[in-house]
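One structure is given below, encoded as structure tokens.
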Amino acid sequence: MISIIMPAHNAAAHIQAAIDSVLTQSFSDFELLILDDCSTDQTVALVQSYTDPRIQLHVLETNLGAAGTRNYGIRQAKGRYVAFLDSDDCWKSEKLALQLAFMQEHELALSYTAYDVMSPDGKQITGHVAVPETVTYRYLLRNTIIGCLTVMIDMKQTGLVQMPAFQGAEDTATWLSILKKGHVAKGLTEPLAFYRKGNVSLSSNKIQMAKHIWQVYRKGQNMSVFTALTHFPFYLWNGLVKHLRTGGSVKLVK
Numbered sequence: 001m002i003s004i005i006m007p008a009h010n011a012a013a014h015i016q017a018a019i020d021s022v023l024t025q026s027f028s029d030f031e032l033l034i035l036d037d038c039s040t041d042q043t044v045a046l047v048q049s050y051t052d053p054r055i056q057l058h059v060l061e062t063n064l065g066a067a068g069t070r071n072y073g074i075r076q077a078k079g080r081y082v083a084f085l086d087s088d089d090c091w092k093s094e095k096l097a098l099q100l101a102f103m104q105e106h107e108l109a110l111s112y113t114a115y116d117v118m119s120p121d122g123k124q125i126t127g128h129v130a131v132p133e134t135v136t137y138r139y140l141l142r143n144t145i146i147g148c149l150t151v152m153i154d155m156k157q158t159g160l161v162q163m164p165a166f167q168g169a170e171d172t173a174t175w176l177s178i179l180k181k182g183h184v185a186k187g188l189t190e191p192l193a194f195y196r197k198g199n200v201s202l203s204s205n206k207i208q209m210a211k212h213i214w215q216v217y218r219k220g221q222n223m224s225v226f227t228a229l230t231h232f233p234f235y236l237w238n239g240l241v242k243h244l245r246t247g248g249s250v251k252l253v254k
């Protein structure tokens, strides 16, 4: 079984599209864990309108943030495999089936896919994020190419995964911790997900994001300043390239 972790905070505008993209998967042996992180809009009511028994709604009593909410969901997960989908993104209908078969064929602990970028209203494809066939620990230090909405983890190989609290970079820090143990991640180059572009210009947020990655280097990976500096320029360059390819906007995760 695959456990799908979907954090939600004031997600009423788009969460139904996200849920529907899960329910229309060709692979059906999954549980969808929706973690409401203290929403004040109609998010909970919208989720409660679904009757599919594979959907499990958890309404959190205190705000845990992105990493804490995902960690709560992972601890509740019953599946061997764990996948992640934010409440404003979507999957293509073959995503789970193709990715699970790919993971089993290659005996992978971590896999990912390419993905398309859609406009805030979901009506247009505005960009595409291509991915390499293989990502190593060193590669990921220099290029944060793995999209959280595309990841699948085999927790039989990794053990219980918990995301560290590096705001804005908790997902990358998690993949690094897995790869640092000697695992190699492989990806499907076919785009199997849709990332919803935010309305916040990356130019106003890129310094903050760079600071987050620097903290991942120094505190998460325990790097010296010198070692961190050998990777950081590559991260900045690859981040600029990704910015241009995705249309120049990002979502801010709180």
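In terms of full-length UniProt numbering, the sequence shown opens at residue 1 and continues consecutively.
By construction, the Cβ of each residue, glycine as well, lies at the ideal position given by its N, Cα and C atoms.
Check whether the Cβ atoms of Met163 and Ala83 sit closer than 8 Å, and answer yes or no. no
May I ask you to report which of helix, strand or coil DSSP gives Ala13? coil
Give a single yes or no on whether His106 has its beta carbon closer than 7 Å to a heavy atom of the ligand NAP. As presented, the structure is devoid of all ligands, the ligand NAP included, so that no description of it is given.
If we ignore side chains and look at the alpha-carbon of each, how far apart do Asn10 and Val22 end up? 19 Å
Which residues in the same chain have their Cβ closer than 6 Å to the Cβ of Ile213, if we skip the five residues on either side of it in sequence? Ala169, Tyr235
Take Met103 as the anchor and find which of Ala193, Thr126, Ala185 has the nearest alpha-carbon. Ala185
Please report the Cβ distance between Leu60 and Tyr50, rounded to the nearest whole angstrom; I am assuming they are in contact, meaning their Cβ atoms lie under 8 Å. Actually they do not touch by this definition, with Cβ atoms about 19 Å apart.
What residue does the alpha helix (DSSP H) around Thr24 start on, and which one ends it? That residue, Thr24, is in no alpha helix (DSSP H); it is neither H nor E in DSSP.
Pick helix, strand or coil for Phe166, following the three-state DSSP scheme. coil
Cβ atoms of Met6 and Ser87: under 8 Å apart, would you say? yes
Counting C-beta neighbours from all protein chains within 10 Å, is the total for Gln124 16 or more, i.e. buried, or is it exposed? exposed
Based on the DSSP secondary-structure assignment, which residues constitute the bridge partners of Ala193? Trp91
Classify Trp91: buried if its beta carbon has 16 or more other beta carbons within 10 angstroms, exposed otherwise. buried
Compare the Cα-Cα distances from Glu133 to each of Met155, Gly68, Leu108 and report the closest residue. Leu108
Burial state of Thr24 (16 or more Cβ within 10 Å): exposed
Give me the Cα-Cα distance between Met118 and His243, rounded to the nearest whole angstrom. 14 Å
For the alpha helix (DSSP H) containing Val161, list its first residue and its last residue. That residue, Val161, is in no alpha helix (DSSP H); it is neither H nor E in DSSP.
Answer yes or no: do Ala12 and Thr43 have a C-beta to C-beta separation smaller than 8 Å? yes
Check whether chain C comes within 8 Å of Glu61, counting only Cβ atoms and requiring the distance to be less than that. Going by chain labels, chain C is absent from the structure shown, which holds only one protein chain.
Buried or exposed: where does Gln48 fall if 16 or more other Cβ atoms within 10 Å of its Cβ makes it buried? exposed
Check the C-beta distance from Ala193 over to Thr150 and give it rounded, since I have them as a contact under 8 Å. 5 Å
Considering Cα atoms alone, identify which of Val241, Arg80, Asn63, Ile19 is closest to Ala160. Looking at the sequence itself, residue 160 is Leu, so the reference to Ala does not match. The candidate whose alpha carbon is nearest that of Leu160 is Arg80.
Flag this pair as yes or no: are the beta carbons of Ala8 and Ile15 separated by less than 8 Å? yes
Just the Cα atoms here: how many angstroms apart are Tyr217 and Ala228? 6 Å
Let me know the secondary structure DSSP gives Asp36 once reduced to three states. strand
Going along the chain, which unbroken runs of the alpha helix (DSSP H) with 4 or more residues stay wholly within the region 125-163? 137-142, 155-158
Measure the C-alpha to C-alpha separation of Leu176 and Thr144 and round it to an integer number of angstroms. 10 Å
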